[in-house]
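J.: These protein sequence lines are chains C and U, in that order.
Straight run, no breaks: the first sequence in the working numbering ends on number 158.
Straight run, no breaks: the second sequence in the working numbering ends on number 1518.
Structure incoming, see below.
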Amino acid sequence: MTSAYEPWNEARGAEIIAEHAKLEGATLVILHALQEAFGYVPEPAIPMVASALNLSRAEVHGVFTFYHDFRKAPAGRHVLKLCRAEACQAAGGDALAARAEAKLGVALGNTTADERVTLEPIYCLGLCATAPSAMLDGRMVGRLDEARLDALVKEAQR
Amino acid sequence: MTMRLFVPRDAGAVAVGADEVVTALELAAEQRGLVIEIVRTGSRGLYWLEPMVEVATAAGRVAFGPVSAADATSLLDAMAADGPHPLRLGIADDIPWLKRQTRLTFARCGVIDPRSVEDYRAHGGYRGLERALTLSPDEILADVTTSGLRGRGGAGFPTGIKWKTVAQASADRKYIVCNADEGDSGTFADRMIMEGDPFVLIEGMTIAGLTVGATKGYIYTRSEYPHAVEAMNAAIAAAKRAGYLGALIGGSAHSFDLEVRVGAGAYVCGEETSLLESLEGRRGIVRAKPPLPAHKGLFGRPTVINNVLSFAAIPFILDNGAKAYADFGMGRSRGTMPIQLAGNVKHGGLFETAFGITLGELVDEIGGGSFTGRPVRAVQVGGPLGAYFPRALFDTPFDYEAFAARDGLIGHGGIVVFDDSVDMRKQARFAMEFCAIESCGKCTPCRIGSTRGVETIEKIIRGERVAENLALVEDLCNTMKFGSLCALGGFTPYPVLSALRHFRDDFGPAPARLEAAE
């Protein structure tokens, strides 16, 4: 898969910001939209958001850093999120997380050296009755076992 | 003749192959020259049978499950011949697990097409709003209050009183906010409603709007719920087209509009004041109360903020009357609770029933025990901030007060089942760790206490001065419980202390102090 994201471009960034700036409480909406376009929230966008919403840079930076979702740098080509919350723990999620870390050679929260895969913890996908669960690039996967996890890891490494 | 099939598009079903089943069914039908129509529904909530495929017959909808793509051909043959199949479950409505439930809120979930207003109306939808439009706000308030409905997000605050407070407040504008930030592990009822019967939420919020005089509503949900976001947006667009949202709803003089907003992976935003901050575009930092959101909520305006399940219960109450709802339940817990069975459980899913059913019935009879077949040792009720219950307390009835009396909470109705391989030290440690990761940082007991809690429990796990450190954890829990600003820091002690109290053996030799406290 080639990257679905556009490279950072100030004019495009300004266009995205302008598109949502009139909404009530627009900051999160704009940050989401920027990340959806560029794969992360490029640093130069922060002062642009601040000026569009009449906020200080510090306020926008504060919002950006508060939420786990927003990235300051692009992720790997594929993002594999493993649910680490209680329902998935109860169903064997701990061992699967350790297995994924071993297979990819990185701890949760990191990207492989070849920048192919970012492995992340996630706290609940709401698939708790078909636990353990995972999400690969937005695709939900339930009833994980070793074989299904291995297949997911392999798919992510492609 | 066209065969009408139903396959869920619920994320839980999609995660175990529902989309692949649809593709395979379409291909197999084409190869066999069969004409089929596939309706993508929500899930009925019998997740161990997902993907569950249903077919319309003269006798009712016949269900099959769990279906895999490889079953497509044989399934179509069995459906066309109305013949036997190893996965055949019989008439869906007669499956005992479903039949035993009292589905008031979830009556349509898994049955109707969640994108179709017509289908919603054909199954009794919008009758509650139609009746509400003939009533005065006071009359609606009386119904909501008499129904005994309490906030289904976890706090159990009477919905009628909350609405009345907002109705009586005067302001240039008011808001209806739906807390759909369902972050508790073991819960998925909000997600199921949004994906399977989104119009019931829209209808409930619309009724709230005309009751309190608000014309704008927000549904704040999670980025971890992309299917729910898509389903809600589609339903809102459909409701607008049908005249059920926007100006002059249902031909009345009232206007109401809805918008979905998506969080960004912060658990604390499920706390209502933190959610309001986030909706306003800020860090999800908890606000001190008072002022209550009912007085000063979103953008400082009077705001009704309720959970998805609270709003979703409203149309039934308005349609069938307060008494019809209040007739179910026990004590001060009236109506039904959509209970979610999750984790290491054989029959996991959504079980809506009247309050009063015992924990043991839920776990052993309805849940069927553990998926691994090993003995159930502990269940965590009410999410990451809920207590762990041992088998000895399985006689506890599902009721707000009964759980509180045993130092627990029903929260949002999630039950996570653990078998006897669970190490309760690890679970206690995780509760603190989760609080440390998700703390908004505003108050010290939560921000610092959770980190110290992780460190101290780790010392216990390593066997360092176990008795002393256990006493320290207990003390720390009391500080967090009484000194935190919101339920995140305030309730994290529930799982920790319940693990200590009920699963004492996991933590090494018993210190005198804890024993004396028993």
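Cβ coordinates follow ideal geometry from the N, Cα and C atoms, glycine included.
This structure is a prediction, so every number in the text was calculated from the model and none was measured.
Does chain U have any CB closer than 7 Å to the CB of Ala50 (chain C)?
T.: By one-based count along the first sequence, residue 50 (chain C) stands at place 50. For Ala50 (chain C), no Cβ of chain U is located within less than 7 Å of the residue's own Cβ.
J.: For Arg84 (chain C), count neighbouring C-beta atoms within 10 Å of its own C-beta (all shown protein chains included) and say buried if the count is 16 or more, exposed if not.
T.: In the first sequence, counting from the first residue as 1, residue 84 (chain C) sits at position 84. Arg84 (chain C) is buried by the Cβ-count criterion.
J.: Could you give the distance in angstroms between the alpha-carbon of Gly126 (chain C) and the alpha-carbon of Glu24 (chain C)?
T.: What you label residue 126 (chain C) is simply residue 126 of the first sequence in a count that begins at 1. What you label residue 24 (chain C) is simply residue 24 of the first sequence in a count that begins at 1. Those two C-alpha atoms are separated by around 28 Å.
J.: Is there at least one Cβ from chain U nearer than 7 Å to Leu119 (chain C)'s Cβ?
T.: Taking the first sequence and counting its residues from 1, the one referred to as residue 119 (chain C) is at position 119. Chain U, which has no Cβ nearer than 7 Å to the Cβ of Leu119 (chain C), makes this no.
J.: Are at least three pairs of beta-carbons, each pair with one atom in the stretch 1256-1269 of chain U and one in the stretch 1129-1146 of chain U, less than 8 Å apart?
T.: no
J.: What residue range is occupied by the uninterrupted alpha helix (DSSP H) comprising Glu1474 (chain U)?
T.: Mapped onto the second sequence, residue 1474 (chain U) falls at position 474. Run containing Glu1474 (chain U): Val1466 to Gly1483, per the alpha helix (DSSP H) assignment.
J.: So with CB distances below 7 Å, who are the chain C contacts of Asn1344 (chain U)?
T.: As a working mapping, residue 1344 (chain U) is identified with position 344 in the second sequence. Result: Ala90 and Ala91.
J.: Taking Cβ positions, are Phe1311 (chain U) and Leu1201 (chain U) nearer each other than 7 Å?
T.: Here residue 1311 (chain U) refers to the residue found at position 311 of the second sequence. Here residue 1201 (chain U) refers to the residue found at position 201 of the second sequence. The answer is yes: Cβ separation under 7 Å.
J.: If you follow the alpha helix (DSSP H) that Ile1193 (chain U) is part of, which residue opens it and which one closes it?
T.: For the purposes of this step, residue 1193 (chain U) is identified with residue 193 of the second sequence, where counting begins at 1. Residue range Ala1189 to Gly1196 is occupied by the alpha helix (DSSP H) that includes Ile1193 (chain U).
J.: Could you tell me which whole alpha helix (DSSP H) segments of length 4 or greater appear in the stretch 19-107 of chain C?
T.: 27-38, 45-53, 57-66, 86-90 and 93-104
J.: Would you mind sorting Gly93 (chain C) into buried or exposed? The rule is 16 or more other CB atoms within 10 Å of its CB.
T.: Residue numbering aside, residue 93 (chain C) sits at position 93 when the first sequence is read from its first letter. Flag for Gly93 (chain C) reads buried.
J.: Kindly indicate which residue of U:Lys1296, U:Leu1409 and U:Met1079 has the alpha-carbon position closest to the one of Val1035 (chain U).
T.: Position 35 of the second sequence holds residue 1035 (chain U). Measuring from the Cα of Val1035 (chain U), the nearest candidate turns out to be U:Met1079.
J.: So what does DSSP say about Asp1010 (chain U), is it helix, strand or coil?
T.: By one-based count along the second sequence, residue 1010 (chain U) stands at place 10. The answer is coil: DSSP assigns Asp1010 (chain U) none of H, G, I, E or B.
J.: DSSP beta-bridge partners for Met1330 (chain U)?
T.: Reading the second sequence from its first residue, position 330 is the one you call residue 1330 (chain U). Partner(s): U:Ser1333.
J.: What does the alpha-carbon distance come out to for the pair Gly1204 (chain U) and Ile1314 (chain U)?
T.: As a position in the second sequence, residue 1204 (chain U) is number 204, starting the count at 1. As a position in the second sequence, residue 1314 (chain U) is number 314, starting the count at 1. For Gly1204 (chain U) and Ile1314 (chain U), the distance between alpha carbons rounds to 5 Å.
J.: Does any CB atom of chain U fall closer than 7 Å to the CB of His68 (chain C)?
T.: Taking the first residue of the first sequence as position 1, residue 68 (chain C) is located at position 68. For His68 (chain C), the answer is yes, since a Cβ of chain U falls inside 7 Å of its Cβ.
J.: Could you give the uninterrupted runs of the alpha helix (DSSP H) lying entirely in the stretch 1124-1212 of chain U, keeping only those of 4 residues or more?
T.: 1127-1132, 1137-1146, 1159-1168, 1189-1196 and 1198-1212
J.: If you measure between the beta carbons of Asp1371 (chain U) and Met1330 (chain U), is that distance less than 7 Å?
T.: Indexing the second sequence from 1 puts residue 1371 (chain U) at position 371. Indexing the second sequence from 1 puts residue 1330 (chain U) at position 330. For the sequence presented, residue 1371 (chain U) should be read as Phe rather than Asp. No, they are not a contact pair.
J.: Could you tell me which chain C residues have their CB closer than 8 Å to the CB of Phe1188 (chain U), listed as they occur along the chain?
T.: For the purposes of this step, residue 1188 (chain U) is taken as residue 188 along the second sequence, with counting starting at 1. Here the neighbours are Gly126, Leu127, Cys128 and Ala129.
J.: In chain order, which continuous runs of the beta strand (DSSP E) of length 3 or greater are located wholly inside the stretch 1392-1421 of chain U?
T.: 1414-1419
J.: Run the CB neighbour count on Pro1375 (chain U), radius 10 Å, all protein chains shown included, and call it buried at 16 or more, exposed below.
T.: Position 375 of the second sequence, counted from the start, is the residue given in the question as residue 1375 (chain U). Under this definition Pro1375 (chain U) is an exposed residue.
J.: Quick check: is the beta carbon of Glu146 (chain C) nearer than 7 Å to any beta carbon in chain U?
T.: Residue 146 (chain C) sits at position 146 when you count from the first residue of the first sequence. The beta-carbon of Glu146 (chain C) is placed no less than 7 Å from the nearest beta-carbon of chain U.
J.: Using a cut-off of 8 Å between C-beta atoms, extract the partners of Phe1299 (chain U) located in chain C.
T.: For the purposes of this step, residue 1299 (chain U) is taken as the residue at position 299 of the second sequence. The contacting residues are Glu24 and Gly25.
J.: Does Leu1279 (chain U) come within less than 7 Å of chain C when only Cβ atoms are used?
T.: Mapped onto the second sequence, residue 1279 (chain U) falls at position 279. So yes, Leu1279 (chain U) belongs to the interface.
J.: For Ile1073 (chain U), which residues of its own chain have a beta-carbon under 7 Å away from its beta-carbon, when the five flanking residues on both sides are left out?
T.: Looking up residue 1073 (chain U) in the second sequence gives position 73. Here residue 1073 (chain U) is Thr; the residue named in the question, Ile, does not match the sequence. For Thr1073 (chain U), where only same-chain residues beyond five positions count, the Cβ hits under 7 Å are Ala1028.
J.: Are the stretch 1127-1144 of chain U and the stretch 1097-1116 of chain U in contact at 8 Å, needing three or more beta carbon pairs?
T.: no
J.: Within a Cβ cutoff of 8 Å, which residues of the same chain sit near Asp1423 (chain U), ignoring the five residues on either side of it in sequence?
T.: Position 423 of the second sequence, counting from 1, holds the residue named residue 1423 (chain U). The residues are Asp1506.
J.: May I ask you to verify whether the stretch 1397-1410 of chain U touches the stretch 1445-1463 of chain U, counting CB pairs closer than 8 Å and requiring at least 3?
T.: no
J.: Does the distance from the CB of Leu31 (chain C) to the CB of Gly1281 (chain U) come in under 7 Å?
T.: As a first step, residue 31 (chain C) must be located in the first sequence, where it is residue number 31. As a first step, residue 1281 (chain U) must be located in the second sequence, where it is residue number 281. Not in contact: Leu31 (chain C) and Gly1281 (chain U) (Cβ atoms no closer than 7 Å).
J.: Quick check: is the beta carbon of Tyr1494 (chain U) nearer than 7 Å to any beta carbon in chain C?
T.: Walking along the second sequence from the start, residue 1494 (chain U) turns up at place 494. No, because no Cβ of chain C sits closer than 7 Å to the Cβ of Tyr1494 (chain U).
J.: So, is the C-beta of Phe1418 (chain U) closer than 7 Å to a C-beta in chain C?
T.: Walking along the second sequence from the start, residue 1418 (chain U) turns up at place 418. True, the Cβ-Cβ gap to chain C drops below 7 Å.
J.: Which one or two residues does DSSP pair with Gln1380 (chain U) in a beta bridge?
T.: Locating residue 1380 (chain U) in the second sequence gives position 380, where the first residue counts as 1. DSSP lists U:Tyr1388 and U:Val1416 as the beta-bridge partner residues of Gln1380 (chain U).
J.: Quick one: residues in its chain with C-beta nearer than 7 Å to the C-beta of Leu136 (chain C), no 5 flanking neighbours on either side, listed in chain order?
T.: For the purposes of this step, residue 136 (chain C) is taken as the residue at position 136 of the first sequence. For Leu136 (chain C), where only same-chain residues beyond five positions count, the Cβ hits under 7 Å are His78, Leu80, Leu152, Glu155 and Ala156.
J.: Any residues in the stretch 26-47 of chain C with a beta carbon nearer than 8 Å to a beta carbon of chain U? Which ones, in chain order?
T.: Ala26, Thr27, Leu28, Val29, Leu31 and His32
J.: Name the one or two DSSP bridge partners that Ile1339 (chain U) has.
T.: In the second sequence, residue 1339 (chain U) corresponds to position 339, counting from 1. Its beta-bridge partners are U:Phe1351.
J.: Only counting the same chain, and skipping five residues up and downstream in sequence, which positions put a Cβ closer than 6 Å to that of Arg1283 (chain U)?
T.: Walking along the second sequence from the start, residue 1283 (chain U) turns up at place 283. Excluding residues within five positions, none has a Cβ falling inside 6 Å.
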